[in-house]
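Heads up, the sequence shown is in my numbering, so the first residue is 99 and it goes up one at a time.
Written out below as C-alpha cells is the structure these notes cover.
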Amino acid sequence: MKVGLLLFVISISLIGCANQPQYKDTSLPFEVRARDIVARMTLDEKVSQLRHDAKAIERLDVPAYNWMNECLHGVALMEGYATVFPQSIGMAASFNTDLMYEAASIISDEARAMHHNGIRNSEEGYVCGLTFWSPNINLFRDPRWGRGQETYGEDPYLTGQMAVSFVKGLQGGHPKYLKTVSTVKHYVVHSGPEALRHEFNTISNERDFWETYMPHYIRSIKEANVESVMCAYSRLNGESCCGSDYLMNELLRDKLGFDGYIVSDCGSVSDIYDEHHLVDSFTEAAVLAIKSGVDLNCGRAMTFPYDKLGEAVRKGMLDESYIDTAAYRLMLARFKLGMFDPPEMVPYSKMSKSVIDSKQNKKVALQMARESIVLLKNENNLLPLKKSIKKIAVIGPNADAHRMLYGNYNGIPSNPVSVLEGVGEKLAKGRVLFSKGCELVAEEDFKTPIPSKYLLTPDKQRGLLASYYPNKTFSGRPLHTRVEQQLVLWDEFGPPFKNLEIDDFSVRWEGHLLFPETASYEIFAEAYPHYKIYIDDELVADEKHDGKFLQLEADKLYKIRVDFVSDSDEFSISMVHAPDNSSLQKNAMQAARNADVVILAVGTSNLLEEEGLDREEIELPEIQQRLIKKILELNKPTVLVLLSGSPIGLDDEMLKVGAIIEAWYPGQSGGTAIADVIFGDYNPAGRLPVTFYKSTAQLPPYEDYDMENRTYKFFRGEPLFEFGHGLSYTSFAYSDLKIPDSIRAGDDVIVSVKVRNTGKMSGDEVVQVYIKDLEASVRVPLHSLQGFERIHLKPGQAKTVTFNLLPENLALLNDDMKWMVEPGRFLISVGGRQPGRKENIEGDYKDIVTRELVVTGGNYIVQ
99 MKVGLLLFVI
109 SISLIGCANQ
119 PQYKDTSLPF
129 EVRARDIVAR
139 MTLDEKVSQL
149 RHDAKAIERL
159 DVPAYNWMNE
169 CLHGVALMEG
179 YATVFPQSIG
189 MAASFNTDLM
199 YEAASIISDE
209 ARAMHHNGIR
219 NSEEGYVCGL
229 TFWSPNINLF
239 RDPRWGRGQE
249 TYGEDPYLTG
259 QMAVSFVKGL
269 QGGHPKYLKT
279 VSTVKHYVVH
289 SGPEALRHEF
299 NTISNERDFW
309 ETYMPHYIRS
319 IKEANVESVM
329 CAYSRLNGES
339 CCGSDYLMNE
349 LLRDKLGFDG
359 YIVSDCGSVS
369 DIYDEHHLVD
379 SFTEAAVLAI
389 KSGVDLNCGR
399 AMTFPYDKLG
409 EAVRKGMLDE
419 SYIDTAAYRL
429 MLARFKLGMF
439 DPPEMVPYSK
449 MSKSVIDSKQ
459 NKKVALQMAR
469 ESIVLLKNEN
479 NLLPLKKSIK
489 KIAVIGPNAD
499 AHRMLYGNYN
509 GIPSNPVSVL
519 EGVGEKLAKG
529 RVLFSKGCEL
539 VAEEDFKTPI
549 PSKYLLTPDK
559 QRGLLASYYP
569 NKTFSGRPLH
579 TRVEQQLVLW
589 DEFGPPFKNL
599 EIDDFSVRWE
609 GHLLFPETAS
619 YEIFAEAYPH
629 YKIYIDDELV
639 ADEKHDGKFL
649 QLEADKLYKI
659 RVDFVSDSDE
669 FSISMVHAPD
679 NSSLQKNAMQ
689 AARNADVVIL
699 AVGTSNLLEE
709 EGLDREEIEL
719 PEIQQRLIKK
729 ILELNKPTVL
739 VLLSGSPIGL
749 DDEMLKVGAI
759 IEAWYPGQSG
769 GTAIADVIFG
779 DYNPAGRLPV
789 TFYKSTAQLP
799 PYEDYDMENR
809 TYKFFRGEPL
819 FEFGHGLSYT
829 SFAYSDLKIP
839 DSIRAGDDVI
849 VSVKVRNTGK
859 MSGDEVVQVY
869 IKDLEASVRV
879 PLHSLQGFER
889 IHLKPGQAKT
899 VTFNLLPENL
909 ALLNDDMKWM
919 VEPGRFLISV
929 GGRQPGRKEN
939 IEGDYKDIVT
949 RELVVTGGNY
959 IVQ
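Listed below in C-alpha cells is the structure:
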C-alpha cells in the first residue's frame, strides 16, 4: 500500500515537471528559457516588451519592468540615499583602474540591495531596476560639451581602460548571473552640440572614426563583454545612429561579436522621423530601427514608435522575426539577472540594505575623491598649508555648495561635505571666514535652487517637511508626509505618489531658512500652475508676483511655508533664490582682508553644463573672474580651487594665484578630500584626462568633428595644462629605462623603468607610457598614451615598473583602414607626464625618460 502511494506521488510529480514550461525550468540554459517564453507570447505581448517601461504579462508571470536606470558615479534615480563618487571625469583623473573597479562594484552592490529591498517591500517602477545606462564612453573632444563631465576624457586608451574596469565592476564576475547590466553609450561619434543633438548630422572621416571614436567601444565589447549598447540621437555621415544597419548589425554584432541588446537613447527612434526626417512616419522609423538592430525603444514624452510594430507586421511592413529576436535578447538579459529564478539561486539577491551608504563605501568614495584631485600649480610650495595659520577665508560660489559636488545623473548622499565644511574640519571654530563672493553667473534671470543645507524641518532636520493632499485645498489629513532635501518637483513621471491624481493634488512644505551669510536675497519659485511662499507668515511670492529682496541675517532662523496646487496635467515647482552680488562681493573682500590665506572655490555646476546645456566659452563667467582679480589685488596667498566637469581657461592675471587645484565635481566627500590635499593630509597625484586650453580662441569650431588640432594627440598649440599633467608634494626620478634596441614587426615590447621617490613625503606617482611613430607613412598622433600605472612610494623608495606593449600599441591605421605595425623608428617615453617638445629626442630628463625603438621586417597587420 505504501509503495503504491509512493509511486503515485512520484508519477504525479513527473507529470507536473513534464507540464512545466521550459522558461520556468531553472535547470535549462537561459537561452532555451528565453526562446521558450518569447514563443509563448502573442505579437502584441512581444511588442509590449520592447519599450523601456515594459508591461506585465500576468498569464506568463512576467512582471512589469522599467529598463531606465543610471549610475555614472553612483546609483541615481532611486529613492533614499546612495554613495556618490566623483563625477566620471574626476574618476578618470585618478588613473587608477583598480579603484575604478572597486567603485563600480560598490555601485552594483547598492543597486542590488535597492532592487531586492524594493521587491521585498512590493515597490514597482524604475527605482528598482538592474539595467543601467552607464558608462558614457564618448570622447571628450571639445571642452565646451556639456556632457563631457560624464566621460573619461579625451583619450581612447584611457577611456577604454576605465570603461573596462567600470563595466566589469557593474556586471560582476559570476559565471552564470549578471550582477547588473552595464550599457556603454552613446554609440557613436557623439559629443554635442547639445542644443542640436536630436537633429545633428555628425560628419566624421573614416580615419578619425577608427582611430579616435571606436577603440574604447571595441575594448568594452572584447574585454569586458558589456551586455548593452545605447545608440545616439545624432546622425553619422547622414545615417541615423539608431537606424544604421552598418553600425549595429554589420559592425557591432557581425564584426565585433557583440551579443547583448541595443537600446535607443530616449526619443531617438522618434527623431528618425520628426527631427532627421529620414522616413515618413513613426511606424517607418520603428521599422527602420528594429531592422537595424535596436531592441529596446526608450521613448520620450510618452511617445513610443515601437508600439506601432504590431501594426507594421499586420500590414506586411515588417517580418515578425525581427520582433522575436529583439524580445529574445531582452528576455535573455532578464534571465541572466536572475529575475525569473528563485532568490536563493541568485547569489546577489542576498545583498543586504545595510551595504547602502555604508561606512566602507564612504571610505572608498573619499579615497576616489582624493585620487581624482589634480594639483595644477604650486608656486614656491604654497601648499600644503600649515594648520597653525590664524585665519583662512573660504570664498566663492562653489565654496559652500552641496549640489555642485554631485555633477549630474547622481544619487543623494547622506552626509555631503562642501569645501567650506572640509576646511572647517581642519581648523578650530572662528578661524575660518566665509563669503560666497558672487553667484556662478551675473545674469539677472539666473536663479539657483535653495540648497538643502539652508533648509530645516520644524524639528530641525535637514530639508523641509512635505505634506501631500489628495485635493486642491489642503483639506483633511495628508495622504503622505516626508522630509525632502530640496523643494523641487516636476511631472516627468507623473505625481510623486500613485494614489494622487495629476490634476487634483496639493503639497505644503514647512520648515525654516538658515543662511550662512548676511545679504539681500530674492526668494521665489519657478512653478506652474499655482504656488505661494510665506516667510515668517508674510506672503513674499506667488504665481502672479515675483519675489522681492529681503535682508536676511546669517545663522538666523526664518520660518517658511510653501503651498503648491496642481489642477492641470502638467506641474513643476523649484524654490530658488538669488542673492545680491554686490553685497556678496563686499562681504568677500572683507573676509579676505581679515584672513592670512584665501581659498577661492570657483568653477561651474550642472546649472552651467549638463545634458542639453553646453558652455559657449571655456573661461570662467565674468563675475567670477572679477572676484578672483579683486581678491588678488590684496596680495594675500591665494589657493584657487576649480570645481568643474570640464577644462577651465585662465588668463595671465588669474594665473598669479599661488596654487591651483582641479577638484572636478568630487562627490559626497569632496570637501574633505580637498581639505586633505590643501593641508597635506593627502599628497595629490591625479592627472588631467583632458587638455586644459588657454582660451576658447584655441579651439576649432565646435561642430567640426575632425580631430585635427584637437586633444593632446593633435593639438599643435601651447596648452594651459597638458593632458597627463599633475603635480605632487614630493618628487620622483626616472632611470634605467630598458627596452630592446630593435624588434620585428608583430613582436611584443617589454618596457621597464625604475621610479624613485626623491622627496620627503610619501606619495603616489602615475607612470605613463607614450609612443610616437617617427617615420609613419600616414598621419599619426604627436604622442599616444599606451600604458599607465599608479604606484605608491615612500621617501627614498624605488620600484621597477614594467609594461608589456602589444603590436596594437605600436600600430597605425593605414590607408586601407587596417591596423598595421610599420617598420621604422619609434620614440618611447616613460614618465609622470606627457613628453613635451624638448623630450622629442632620446634622453633622460629626471621626471621622464625616452628611448628609440627600431622595428624591422615587413608590415604587420594587427588582427
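For glycine and all other residues, C-beta sits at the position ideal for the given N, C-alpha and C.
Distance check for Asp601 and Glu715, CA to CA, integer angstroms please. 42 Å
When you compare each of Leu732, Gly768 and Glu731 to Leu741 by their alpha carbons, which one comes out closest? Gly768
Over what stretch of residues does the alpha helix (DSSP H) that includes Leu386 continue unbroken? Phe380 to Ser390
List, from N- to C-terminal side, the beta strand (DSSP E) runs of 3 residues or more that fit wholly inside the stretch 696-746. For the stretch 696-746, the continuous beta strand (DSSP E) assignments of 3+ residues that do not extend past its boundaries occur at 736-741, in sequence order.
Contiguous beta strand (DSSP E) assignments of at least 3 residues, all confined to the stretch 453-536: 472-476, 490-493 and 530-533
Suppose you measure from the CA of Asp352 to the CA of Leu345; what does that come to, to the nearest Å? 10 Å
Which class does Tyr446 belong to by DSSP, given the choice of helix, strand or coil? Under the three-state reduction of DSSP, Tyr446 is assigned to helix.
Could you pull out every unbroken alpha helix (DSSP H) segment of at least 4 residues lying fully inside the stretch 406-432, listed in chain order? The stretch 406-432 is shown to contain whole alpha helix (DSSP H) runs of 4 or more residues at 407-412, in chain order.
Which of helix, strand or coil does DSSP assign to Pro313? helix
DSSP state of Leu918 mapped onto helix, strand, coil: Looking at the sequence provided, one finds Met at residue 918 rather than Leu. Residue state, collapsed to three classes: strand.
Can you check which of these residues, Trp243, Leu705, Asp942 and Phe128, is closest to Arg427 by C-alpha distance? Phe128
Does the distance from the CB of Gly743 to the CB of Gly505 come in under 7 Å? For the 7 Å CB-CB criterion, Gly743 and Gly505 form a contact.
Taking the C-alpha atoms as reference points, what is the distance between Pro313 and Glu252? Spanning the two alpha carbons is a distance of roughly 12 Å.
Runs of 3 residues minimum, wholly inside the stretch 653-677: which ones carry the beta strand (DSSP E) assignment? Taking only runs of at least 3 residues, the beta strand (DSSP E) segments lying wholly in the stretch 653-677 are 656-664 and 670-677.
DSSP beta-bridge partners for Leu903? Val847
List the endpoints of the continuous beta strand (DSSP E) containing Ser840. Ser840 to Arg842
With a threshold of 16 other CB atoms inside 10 Å of the CB of Phe380, please say whether the residue is buried or exposed. By the neighbour-count criterion, in which 16 or more other beta carbons inside 10 Å mark a residue as buried, Phe380 falls on the buried side.
By how many angstroms is the C-alpha of Leu394 removed from the C-alpha of Lys144? Those two C-alpha atoms are separated by around 11 Å.
Please confirm if Arg305 has its CB atom under 7 Å from at least one CB of chain C. In summary, chain C is missing from the structure at hand, where a single protein chain is found.
Whole-angstrom distance between Leu587 and Glu442, CA atom to CA atom: Whole-angstrom Cα-Cα distance: 39 Å.
Report, in whole angstroms, the separation of the C-beta atoms of Pro556 and Glu608, which I expect to be a contact under 8 Å. 6 Å
According to the neighbour-count rule (16 or more other Cβ atoms, all chains shown, within 10 Å of its Cβ), is Lys534 buried or exposed? buried
Residues sharing a beta bridge with Asn236, DSSP: Its beta-bridge partners do not exist; DSSP assigns none.
Expressed to the nearest angstrom, what Euclidean distance is found between the alpha-carbon atoms of Asn323 and Ser338? Approximately 25 Å, taken between the alpha carbons.
Coarse secondary structure for Asp151, derived from DSSP in three states: strand
CB of Ile421 within 7 Å of CB of Leu407, strictly: yes
Segment limits, beta strand (DSSP E) that includes Ile360: From DSSP, the beta strand (DSSP E) with Ile360 extends over Tyr359 to Ser362.
Which residues share a DSSP beta bridge with Asp123? Paired residue(s): none; Asp123 is not in a bridge.
Please state the DSSP three-state secondary structure of Gly231. Note that residue 231 is Trp in the sequence shown, not Gly. Residue state, collapsed to three classes: coil.
Can you list, in chain order, the residues of its chain whose CB lies under 8 Å from that of Pro440, leaving out five sequence neighbours each side? Thr124
Kindly indicate the opening and closing residues of the alpha helix (DSSP H) around Thr770. Gly768 to Ile776
Note down, in chain order, each residue of its chain lying with its Cβ closer than 6 Å to the Cβ of Ser263, except the 5 sequence neighbours on either side. Counting only Cβ-Cβ distances below 6 Å, and skipping sequence neighbours, we find Thr195, Met198 and Tyr199.
Candidates Asp240, Arg468 and Met918: which alpha carbon is nearest Asp804's? Asp240
Run through the DSSP bridge pairs and tell me what Ala162 is partnered with. Beta-bridge pairing links Ala162 to no other residue.
With a CB to CB cut of under 6 Å and the five nearest residues on each side skipped, what residues in its chain are close to Asp661? The beta carbon of Asp661 sits closer than 6 Å to those of Arg606 and Lys630, all from its chain and outside the five residues before and after it, given in chain order.
Determine, using beta-carbon pairs with one atom in the stretch 510-523 and one in the stretch 472-481, whether at least three such pairs fall under 8 Å. no
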